[in-house]
Amino acid sequence: MRYQDKNITSLTDLIDNLKQNVAGINLPIWFRGQTNSAWDLEPKLMRTPDQPSETFYFNRFKQDASIILNHQPKSEFDWLFLMQHYGIPTRLLDWSESPLVALYFAISESPDADGALYVLLPTELNKISNYRPDHEFEIPSFEDEHLQNYLPTTIARENKSKLQPMAAIAPRNSSRMQAQQGVFTISHRENIYINKAGLEETSTHTWRYIIPKEIKEDLKKELKLLGFSKFQLFPELESISEIF
């Protein structure tokens with residue numbers, strides 16, 4: 020089924036549309052909120068073409084962070100997760116298994132722009148990536164040997180392979196990631212928007228709901244009533260002031 024953009028009028032309207040659209044889908048479903056509906060689904064590293072390479076960010080972050088960290092990351096992907104956590108540009112894109120978490124991020128900023136809540140069927144995306152045709156309904160772990168082609172050092176070493184974005188499971192090794200029910204997609208060397216991966220006219224792995232700017236404040240109040248606050252999603256000392 021090919022989905023069309025749908026404007027949302029309230030929290031109830033969003034839930035009703037989700038129930039209708041995911042009825043009968045017995046597959047994992049992920050969600051991502053973006054405060055501006057004009058933005059595509061692209062990782063931070065790929066939003067500015069003229070910025071330094073991933074190798075530069077990766078090596079510099081390791082160099083500067085190593086002396087501060089009490090526990091060193093065990094793998095390249097663990098370093099990437101840590102970089103993502105602290106806002107360093109990577110090829111990772113954050114998703115959540117909760118639509119309400121995604122909605123929080125869709126309305127949290129940009130009051131003068133419509134927001135967007137994206138829905139992703141990760142196993143359908145991975146069919147397009149073709150990372151393992153014999154496991155088409157699988158969402159691999161980042162520890163899977165077949166994801167080695169997505170490592171920063173692998174990409175820096177060779178420049179021929181061009182793989183599609185794919186979805187994978189990472190350890191929830193921080194209170195923030197656990198609170199946000201976080202999961203990731205990762206892009207390869209090419210800037211292929213996840214919402215445009217594969218054959219766009221037949222793609223069914225993602226769709227979105229538009230959040231009009233006029234209802235963002237009302238939705239914030241509704242989410243607050245349900246206990247969705249900055250402190251709940253960012254359970255850190257810096258967020259405590261949001262309670263008062």
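Read left to right, the sequence shown gives residues 20 to 263 (the numbering used here).
Where is the CB? At the ideal position from N, CA and C, for every residue including glycine.
Note that the structure is predicted; figures quoted are calculated from it, not measured.
Apart from the five residues on each side of it in sequence, which residues of its chain come closer than 6 Å, Cβ to Cβ, to Glu220?
On the sequence shown, residue 220 is found 201 positions in, with the first residue counted as 1. Its pLDDT being 48, under 50, Glu220 is placed unreliably in this model, and the value from its coordinates should be taken loosely. So no residue of the chain qualifies.
Determine the burial state of Gln23: buried for a count of at least 16 other Cβ atoms within 10 Å of its Cβ, exposed for fewer.
Walking along the sequence shown from the start, residue 23 turns up at place 4. Only exposed fits Gln23, as fewer than 16 other CB atoms lie within 10 angstroms of its CB.
Could you tell me which residues DSSP puts in a beta bridge with Gly52?
Stepping through the sequence shown from its first residue, residue 52 is reached at position 33. Paired residue(s): Leu136.
Beta strand (DSSP E) containing Thr225: first to last residue?
Along the sequence shown, one-based indexing puts residue 225 at 206. Taken as a continuous stretch (DSSP letters only), the beta strand (DSSP E) holding Thr225 covers Thr225 to Ile230.
Scan the segment 76-104 and note each continuous alpha helix (DSSP H) run of 4 residues or more that stays entirely inside, going in chain order.
Complete alpha helix (DSSP H) runs here, min 4: 95-104.
Where does the unbroken alpha helix (DSSP H) through Met196 begin, and where does it stop?
Counted from its first residue, the sequence shown places residue 196 at position 177. Its alpha helix (DSSP H) spans residues Ser194 to Ala198.
Cutoff 8 Å; reference Leu30; Cβ partners in own chain excluding five residues on either side
The sequence position of residue 30 within the sequence shown is 11, counting from 1. Excluding residues within five positions, the ones whose Cβ falls inside 8 Å are Leu122, Leu238, Glu241 and Leu242.
Residues in its own chain within less than 7 Å of Pro231 by CB, not counting five upstream and five downstream?
Start at 1 with the first residue of the sequence shown, and residue 231 comes out as number 212. Answer for Pro231: Asn26 and Asp133, listed in chain order.
So which of Thr225, Phe250, Ile211 and Gln251 has the shortest CA-CA distance to Asp65?
Residue mapping note: residue 65 aligns to position 46 of the sequence shown, counting from 1. With the sequence shown as reference, residue 65 is identified as Met, and Asp is not the correct amino acid for it. Comparing Cα-Cα distances from Met65 to each of Thr225, Phe250, Ile211 and Gln251, the minimum goes to Ile211.
If we call anything under 7 Å between Cβ atoms a contact, is Thr204 one with Leu46?
For the purposes of this step, residue 204 is taken as residue 185 along the sequence shown, with counting starting at 1. For the purposes of this step, residue 46 is taken as residue 27 along the sequence shown, with counting starting at 1. No. Outside cutoff.
Leu37 to Ile158, Cα distance in whole Å?
The residue labelled residue 37 in the question sits at position 18 within the sequence shown. The residue labelled residue 158 in the question sits at position 139 within the sequence shown. Answer to the nearest angstrom: the Cα atoms are 22 Å apart.
Does the segment 55-72 come close enough to the segment 99-119 to have 3 or more Cβ pairs within less than 8 Å?
The answer is yes - the segment 99-119 touches the segment 55-72, with three or more Cβ pairs under 8 Å.
Taking its Cβ as the centre, do 16 or more other Cβ atoms sit within 10 Å of Lys93, making it buried, or is it exposed?
For this step, residue 93 is matched to residue 74 along the sequence shown. When all chains shown are included, Lys93 counts as exposed.
In terms of alpha-carbon separation, which member of Asn192, Ile126 and Leu33 lies closest to Glu233?
Sequence index remark: in the sequence shown, residue 233 carries index 214 (1-based). Ranked by Cα distance from Glu233, the options Asn192, Ile126 and Leu33 are led by Ile126.
Span of the alpha helix (DSSP H) holding Thr173?
In the sequence shown, counting from the first residue as 1, residue 173 sits at position 154. That run of the alpha helix (DSSP H) goes Pro171 to Arg176.
Would you call His90 buried or exposed, if buried means 16 or more other Cβ atoms sit within 10 Å of its Cβ?
For the purposes of this step, residue 90 is taken as residue 71 along the sequence shown, with counting starting at 1. Counting Cβ neighbours within 10 Å, His90 comes out exposed, since fewer than 16 surround it.
Determine the closest residue to Gln200 out of His207, Leu88, Ser206 and Arg191, with distance taken between C-alpha atoms.
The residue you call residue 200 lines up with position 181 of the sequence shown. The residue with the shortest Cα to Cα distance from Gln200 is Arg191.
Ala125 lies in the alpha helix (DSSP H); which residues open and close that run?
For the purposes of this step, residue 125 is identified with residue 106 of the sequence shown, where counting begins at 1. From DSSP, the alpha helix (DSSP H) with Ala125 extends over Pro118 to Ile126.
In chain order, what residues of the same chain have a beta carbon less than 8 Å from the beta carbon of Thr54, not counting five sequence neighbours either side?
Counting from one through the sequence shown, the residue named residue 54 turns up at place 35. For Thr54, where only same-chain residues beyond five positions count, the Cβ hits under 8 Å are Phe124, Ala125, Ile126, Ser127, Glu128, Ser129, Ala132 and Gly134.
Could you give the uninterrupted runs of the alpha helix (DSSP H) lying entirely in the segment 26-50, keeping only those of 4 residues or more?
Runs of the alpha helix (DSSP H) inside the segment 26-50: 30-41.
For Phe203, list the residues DSSP reports as bridge partners.
If you number the sequence shown from 1, residue 203 lands on position 184. Partner residues in the beta bridge of Phe203, as assigned by DSSP, are Asp113 and Ala187.
How would you write the range of the alpha helix (DSSP H) that Ser148 sits in, first residue to last?
If you number the sequence shown from 1, residue 148 lands on position 129. Segment Pro141 to Ser148, the alpha helix (DSSP H) holding Ser148.
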